[in-house]
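Just so it is clear: in the sequence shown, position 94 is 94 by UniProt numbering, and no numbers are missing.
By construction, the Cβ of each residue, glycine as well, lies at the ideal position given by its N, Cα and C atoms.
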Amino acid sequence: VGQVREQLGDVGWDDYDGWWLAAGTGTTLAGLLLAEAPQRTVYGALAVPEDHGVAPQVDAILQAAGHSQSTLELIDASRGGFARVDDTLMGFIHDSETASGLLLEPLYTGKALLALKQAVEAGRFATGQRLVFVHTGGLQGRRGFESEA
């Protein structure tokens, strides 16, 4: 969190409104919530279906630390299951990589960024609202999909 705040000026920002990142187990989400709550919302784009226990995992971590999850919003970005991909996702990853040069993978970050794009297009966020997108790595997850991306 501190490193992001230090770099805001480099992108012309003086502040931000929240975080958007992929969630598989919820531990990274919980860490961000502990660092930011209640000032900013943390949006977790689920890479797994909702019944895989991310919300209870986050709750348990926050409760153990004496916090609540009031600033967490979970979004189903799983596309039907962990490691499930479709033409829309793979096309989005291809187009995004071509336009930006930023590598994505279809298990976590590709799903999360597509879900963010869809949320913006649906009007979920006000004009000028700033979210920090967290690329959590995981590029080894591309290996099984290289021919599709």
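Classification of residue i by the beta-carbon crowding that lies within 10 angstroms, buried from 16 upward
{"i": "Glu-105", "result": "buried"}
{"i": "Gly-80", "result": "exposed"}
{"i": "Arg-40", "result": "buried"}
{"i": "Ala-45", "result": "buried"}
{"i": "Gly-137", "result": "exposed"}
For residue i, the nearest candidate out of the options (CA to CA)
{"i": "Ala-112", "options": "Ile-93, Asp-14, His-52", "result": "Ile-93"}
{"i": "Ser-68", "options": "Pro-56, Ser-78, Leu-102", "result": "Pro-56"}
{"i": "Phe-82", "options": "Leu-72, Glu-50, Ala-99", "result": "Glu-50"}
{"i": "Gln-63", "options": "Thr-27, Lys-117, Gly-101", "result": "Thr-27"}
{"i": "Gln-3", "options": "Gly-138, Leu-107, Val-134", "result": "Val-134"}
{"i": "Leu-139", "options": "Leu-114, Ile-75, Tyr-108", "result": "Tyr-108"}
{"i": "Ala-65", "options": "Thr-41, Ala-37, Val-11", "result": "Ala-37"}
{"i": "Ala-88", "options": "Glu-73, Leu-102, Thr-71, Gln-118", "result": "Reading the sequence as shown, one finds Thr at residue 88 and not Ala. Comparing Cα positions, the closest option is Gln-118."}
{"i": "Leu-74", "options": "Val-11, His-52, Arg-84, Asp-86", "result": "His-52"}
{"i": "Val-58", "options": "Thr-25, Val-48, Arg-124, Ala-47", "result": "Thr-25"}
{"i": "residue 151", "options": "Val-11, Ala-47, Trp-13, Tyr-43", "result": "No information on residue 151 is available, as it lies outside the stretch 1 to 149 that the chain covers here."}
{"i": "Gly-91", "options": "Gly-110, Gly-101, Gly-12, Asp-76", "result": "Gly-110"}
Simplified DSSP state of residue i, which is helix, strand or coil
{"i": "Phe-82", "result": "coil"}
{"i": "Gly-101", "result": "coil"}
{"i": "Thr-71", "result": "coil"}
{"i": "Thr-136", "result": "coil"}
{"i": "Ala-115", "result": "helix"}
{"i": "Leu-107", "result": "coil"}
**Message:** Within 8 Å, do at least three Cβ pairs link the region 126-137 to the region 9-24?
**Reply:** yes
**Request:** Would you check if there are 3 or more beta carbon pairs closer than 8 Å linking the region 5-14 to the region 30-38?
**Result:** no
**Prompt:** Mind pulling the beta strand (DSSP E) runs of 3 or more residues that sit fully within the region 6-45?
**Reply:** As far as the region 6-45 is concerned, its whole beta strand (DSSP E) runs of at least 3 residues are 18-23.
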